[in-house]
Amino acid sequence: MDTSGSILYKTHMNYFSDLRFFRFNHLHEHEEVVSRVFETYALNYAHRGTIRMRIDEREEFMLEAPVAYWTWSGPHFFYTSVPPDPWEHYFASFYGDRTREWTGRGLFPTGTGRSFAYITNPDAFRAGFESLLESLARSPVQNPEAVHLLEGLLLQVHTQPKREVVHHPRRREIQALMDRIDERPELRTDFAGQARDMGMTPAHLRRLFRLFAGCSPVAYVNRARMHRAALALRTTDTSIKEIAADTGFDDIYYFTKLFSRQHGLPPARYRRAFQQTGD
Numbered sequence: 000m001d002t003s004g005s006i007l008y009k010t011h012m013n014y015f016s017d018l019r020f021f022r023f024n025h026l027h028e029h030e031e032v033v034s035r036v037f038e039t040y041a042l043n044y045a046h047r048g049t050i051r052m053r054i055d056e057r058e059e060f061m062l063e064a065p066v067a068y069w070t071w072s073g074p075h076f077f078y079t080s081v082p083p084d085p086w087e088h089y090f091a092s093f094y095g096d097r098t099r100e101w102t103g104r105g106l107f108p109t110g111t112g113r114s115f116a117y118i119t120n121p122d123a124f125r126a127g128f129e130s131l132l133e134s135l136a137r138s139p140v141q142n143p144e145a146v147h148l149l150e151g152l153l154l155q156v157h158t159q160p161k162r163e164v165v166h167h168p169r170r171r172e173i174q175a176l177m178d179r180i181d182e183r184p185e186l187r188t189d190f191a192g193q194a195r196d197m198g199m200t201p202a203h204l205r206r207l208f209r210l211f212a213g214c215s216p217v218a219y220v221n222r223a224r225m226h227r228a229a230l231a232l233r234t235t236d237t238s239i240k241e242i243a244a245d246t247g248f249d250d251i252y253y254f255t256k257l258f259s260r261q262h263g264l265p266p267a268r269y270r271r272a273f274q275q276t277g278d
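Listed below in structure tokens is the structure:
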């Protein structure tokens, strides 16, 4: 009997078995003061906001989102938000022999060097972190897929291209529109009316939106709604029907379909997975 497939599978599992996950979550508004010595390693990502940070007795510094930063066992870390705004915080903490390999080759640098990196493609990085959290929600603690996703995020930090600034006279207007959608994604956005108010055609607005956001206006709205719904499922006991309505969906079946497509789990299973793992 040919057992090469099972041998390959066992080898694959063994390759990823030397790292275990401890805690993980996405906090849409985080403003607590963190002051502690960690026992594990962690990759953190601030998608929005500004953070004051200090490691041991070194000089305090500021981090402006979007920025990834990492913590590790040993030093005393202090960080908090800069009032009045909290920061949007993603994190995954872990431990195991694999961390020695990552630190040894500089993939997860520790010590006196730089412990953060500004992210040049924040939407892609956030999507990667969302995939990591969703994988961990399905299978916490020891998860080969999650190890692969985490390593991919670390590689993205160190291999990302320099930010290409798109200079365009309409950039601020489009960014303001994106900010309004992020703040109140449940509201219906009349893009034809927005285009008219900006003195352009709907087709031109769609082209500019894709240029700056990387997706169509409708896709951006749905993505913002799904992020808000996921946060409510993780942090509240609000019913799924109410969450659907609060994020702009009258049809709960359509809401469930979109949520499952983006997050890999239907809303009820997604909530149970995060309630079982905690933060």
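Just so we're aligned, residue 0 is where the sequence shown starts under numbering that gives the first Met the number 0, counting upward by one. Using N, Cα and C, we set each Cβ at its ideal position, and we do this for glycine too.
Where does residue i sit, in a helix, a strand or coil, going by DSSP?
{"i": "Leu106", "result": "coil"}
{"i": "Glu56", "result": "coil"}
{"i": "Thr79", "result": "strand"}
{"i": "Arg51", "result": "strand"}
{"i": "Arg271", "result": "helix"}
{"i": "Trp101", "result": "helix"}
{"i": "Phe90", "result": "strand"}
Let me know if residue i comes out buried or exposed under the rule of 16 or more other beta-carbons within 10 Å of its beta-carbon.
{"i": "Pro139", "result": "buried"}
{"i": "Tyr44", "result": "buried"}
{"i": "Tyr219", "result": "buried"}
{"i": "Met225", "result": "buried"}
{"i": "Glu63", "result": "exposed"}
{"i": "Arg187", "result": "exposed"}
{"i": "Arg222", "result": "buried"}
{"i": "Ser114", "result": "buried"}
{"i": "Pro83", "result": "exposed"}
Do you know how far the Cα of residue j is from the Cα of residue i?
{"i": "Phe273", "j": "Ala136", "result": "6 Å"}
{"i": "Glu56", "j": "Phe107", "result": "21 Å"}
{"i": "Phe21", "j": "Glu38", "result": "10 Å"}
{"i": "Leu210", "j": "Asp189", "result": "19 Å"}
{"i": "Pro265", "j": "Tyr253", "result": "11 Å"}
{"i": "Glu59", "j": "Ala243", "result": "42 Å"}
{"i": "Thr98", "j": "Leu18", "result": "7 Å"}
{"i": "Glu241", "j": "Glu100", "result": "46 Å"}
{"i": "Tyr269", "j": "Gly198", "result": "42 Å"}
{"i": "Ile180", "j": "Asp96", "result": "43 Å"}
Tell me which residue opens and which closes the beta strand (DSSP E) that residue i is part of.
{"i": "Leu148", "result": "No beta strand (DSSP E) holds Leu148; the alpha helix (DSSP H) holding it covers 143–158."}
{"i": "Ser34", "result": "33–36"}
{"i": "Phe21", "result": "19–29"}
{"i": "Thr70", "result": "66–70"}
Tell me which residue opens and which closes the alpha helix (DSSP H) that residue i is part of.
{"i": "Leu135", "result": "121–137"}
{"i": "Arg260", "result": "251–262"}
{"i": "Ala244", "result": "239–245"}
*asked:* List, from N- to C-terminal side, the alpha helix (DSSP H) runs of 4 residues or more that fit wholly inside the segment 162–234.
replied: 170–182, 190–197, 201–212, 216–234
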